[in-house]
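Numbering (the UniProt record's numbering), first residue to last: 1 to 137.
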C-alpha cells in the first residue's frame, strides 16, 4: 500500500505536468524560444518549424496548466483496491512527497529573485557569455 501512495503522488502525471509547465516557461520565456530554436538547429542541422516556437511558448504551458487545474478540481482521495481509503495523514504524506519535487523550480526562482542585484531582466535572464565559467568570489 505504501508503494501505491508513493506512485500516486510522486511519480504520477500531476507532478510531471507541473515540471513540464515550468520547463516550457523557462525554455521559452527565460532562455528564449528563438535562442532555443537556434540551438536545436545546430544540433539537428536544420531549423524546426516555426509552430514549435508557439508550442513551447503558449500551447504546451496552457495545456499543462489546464490539465493540472482540472485534476486539482476533480481530486479524489486515493483508495486501495477501491475499498481502503487512506487516512488523512496518509494523504498529507502523499502531498508532501509530491510537493518535494513540485516546489523545487518555483522556490529556486523566488530565491534567485531575492538574491539578485539589479533589475528583473538581469535576475531572470540567461547569464552573460562573459560571466559563464567564472567563479564568483
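Heads up, the beta-carbon is just placed ideally off N, CA and C, and yes, glycines get one too. Remember, predicted model here, so these are calculated numbers, not experimental data.
Its chain contains 21 as the residues whose beta carbon lies nearer than 6 Å to that of residue 65, once the 5 sequence neighbours on both sides are disregarded; these appear in chain order. DSSP places residue 104 in the uninterrupted alpha helix (DSSP H) bounded by 104 to 115. Shown here, residue 84 sits in a strand according to DSSP, grouped into three states. The residue among 115, 80, 102, 14 with its C-alpha nearest the C-alpha of residue 73 is 14. With contacts defined as CB atoms closer than 8 Å, residue 18 and residue 68 qualify as a contacting pair.
If you check the CB distance, residue 61 and residue 104 do not come in under 8 Å.
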